[in-house]
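Each residue of the sequence shown is one higher than the one before, counting from 126 in the numbering used here. What follows is a set of notes on a single structure, which appears directly below.
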Amino acid sequence: MRTCIDYYNKKHVLISEKLIGNVTEVGTEKQMTIFPNIKEQMVIFRFRDRLAIRSGFLEYYDEEEQKNRKFTVVKNLRVSKGTSVYGSEYR
């Protein structure tokens with residue numbers, strides 16, 4: 126799902142807003158393989174641009190649930206087509 130994503134640092138200060146990217150939920154089996162100790166729902170944020178997202182929070186508006194969803198940055202991968210970030214549901 127293509128959407129606008131806001132990036133916050135660890136102190137919840139807005140760093141970048143309206144970054145355009147895709148959000149995909151991670152399947153349970155894949156999540157248990159990659160991150161076995163994380164119990165919260167995980168998603169992958171994919172950006173076309175190369176971004177320096179190391180830690181903090183990513184937030185986007187979920188149209189299906191009609192609310193903002195916030196995720197903690199778990200892992201940042203730089204790939205040839207841009208940046209991929211794994212995030213776990215923020216509590």
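C-beta atoms are modelled at their ideal positions from N, C-alpha and C, and glycine is treated no differently. A quick note: this is a predicted structure, and the numbers were derived from the prediction, not measured.
Taking DSSP as the reference, what is the three-state secondary structure of residue i?
i: Glu189; result: coil
i: Glu200; result: The sequence shown places Lys at residue 200, rather than the Glu named in the question. Three-state DSSP puts Lys200 in a strand.
i: Glu178; result: Rather than Glu, the amino acid found at residue 178 in this sequence is Ile. Residue state, collapsed to three classes: coil.
Can you name, in chain order, every residue of its own chain whose Cβ lies under 7 angstroms from the Cβ of residue i, other than the five neighbours on each side?
i: Met157; result: none
i: Ser205; result: none
i: Lys135; result: Ser180, Gly181
My guess is that residue i and residue j are in contact by the Cβ rule of under 8 angstroms, so how many angstroms apart are they, rounded?
i: Ser209; j: Val199; result: Incorrect: roughly 11 angstroms between the Cβ atoms, too far for contact.
To which residues does DSSP link residue i through a beta bridge?
i: Thr149; result: Ile169
Who are the near neighbours of residue i in its chain, counting only those whose CB is closer than 8 angstroms to its CB and skipping five residues on each side?
i: Leu202; result: Thr208, Ser209, Val210, Tyr211
Please identify the residue among the options whose C-alpha is closest to the C-alpha of residue i.
i: Met167; options: Leu176, Thr153, Arg173, Asp174; result: Thr153
i: Ala177; options: Arg127, Met126, Tyr132; result: Tyr132
Which residues in the same chain as residue i place their Cβ atom closer than 6 angstroms to its Cβ, once the five residues preceding and following it in sequence are excluded?
i: Gly146; result: Ile130, Phe170, Arg171, Phe172
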